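Participant:
Numbering (the UniProt record's numbering), first residue to last: 1 to 223.
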């Protein structure tokens with residue numbers, strides 16, 4: 001039996017995938033906002049002088065980076081609620097999972113960016129009477145943040161694609177929506193191709209936007 005590509009099934013998939021696209025975007029943005037807060041906190045903790053906060057940060061970062069996100073999703077959605085007698089809505093769970101997962105990688109981005117700033121900047125801040133915290137806030141952090149933008153953009157793309165793993169906990173993201181369409185239409189090739197095209201368009205759009213932002217910041221720095 002010769003396969004024939006069904007163009008109508010391919011194009012008709014896009015309007016039905018819109019709901020999944022919305023969930024994917026909400027989970028990605030929500031997860032990365034909280035992930036950045038977690039990552040910034042943990043990244044600075046890893047730079048702390050005291051052993052306890054540094055050890056806690058290293059433990060979190062290594063535990064998350066050393067385990068598959070799929071396992072983390074199953075553990076946080078099924079394991080933790082079962083142990084604590086809680087029920088977490090799939091969308092909320094998805095945002096939490098992306099936040100915790102991306103936070104570990106963002107922590108390393110923050111740490112690396114802060115450490116890349118010339119130590120002389122810190123010494124200059126301290127020499128004019130600023131405290132360690134004030135030096136970090138007003139001198140080091142603004143410079144480090146500019147250097148974080150490219151790797152943060154890459155993390156945005158990675159987290160966007162990672163949302164597809166959340167279908168295992170019932171989140172109605174893009175891939176899950178595509179799976180539901182296939183269950184009704186039996187057009188797996190066309191529908192999953194449409195899903196792939198949507199992911200590709202989103203990631204290319206983000207990558208293009210990041211390049212524009214980087215060029216803008218570079219021109220602003222040269223002025």
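Note that the Cβ used here is the ideal one computed from N, Cα and C, for glycine as well. All values derive from a computational prediction rather than experimental measurement.
1. Could you give the first and the last residue of the continuous alpha helix (DSSP H) run that contains residue 2?
2. Check the C-beta distance from residue 9 over to residue 191 and give it rounded, since I have them as a contact under 8 Å.
3. Over what stretch of residues does the alpha helix (DSSP H) that includes residue 55 continue unbroken?
4. Check residue 187 in the structure and name its three-state DSSP category.
5. Roughly how many angstroms lie between the CA atoms of residue 129 and residue 140, to the nearest whole one?
6. Which residue from 72, 109 and 135 puts its Cα closest to that of residue 46?
7. For the alpha helix (DSSP H) containing residue 156, name the first residue and the last one.
8. So, under 8 Å CB-CB, residue 57 and residue 107 are touching, yes? Tell me the CB distance rounded to an integer number of Å.
9. Which whole-angstrom value is the C-beta distance of residue 72 and residue 105, which I expect to be below 8 Å?
10. What's the gap between the Cα of residue 199 and the Cα of residue 114?
Facilitator: Quick answer:
1. Taking the chain shown and counting its residues from 1, the one referred to as residue 2 is at position 2. Neither: residue 2 is in no alpha helix (DSSP H) and is coded neither H nor E.
2. Numbered from its first residue, the chain shown carries residue 9 at position 9. Numbered from its first residue, the chain shown carries residue 191 at position 191. Contact holds; Cβ gap of about 7 Å.
3. For this step, residue 55 is matched to residue 55 along the chain shown. For residue 55, the enclosing alpha helix (DSSP H) begins and ends at 51 to 65.
4. Numbered from 1 along the chain shown, position 187 holds the residue referred to as residue 187. Note: residue 187 maps to coil in three-state DSSP.
5. The residue labelled residue 129 in the question sits at position 129 within the chain shown. The residue labelled residue 140 in the question sits at position 140 within the chain shown. The C-alpha of residue 129 lies about 15 Å from the C-alpha of residue 140.
6. For this step, residue 46 is matched to residue 46 along the chain shown. Answer by Cα proximity: 109.
7. Working through the chain shown from its first residue, we reach residue 156 at position 156. Note, residue 156: alpha helix (DSSP H), 141 to 162.
8. Against the chain shown, residue 57 aligns to sequence position 57. Against the chain shown, residue 107 aligns to sequence position 107. Their Cβ separation, rounded to whole angstroms, is 7 Å, which keeps residue 57 and residue 107 in contact under 8 Å.
9. Start at 1 with the first residue of the chain shown, and residue 72 comes out as number 72. Start at 1 with the first residue of the chain shown, and residue 105 comes out as number 105. Not really, about 13 Å apart at Cβ, beyond 8 Å.
10. As a working mapping, residue 199 is identified with position 199 in the chain shown. As a working mapping, residue 114 is identified with position 114 in the chain shown. Each residue's alpha carbon lies about 32 Å from the other.
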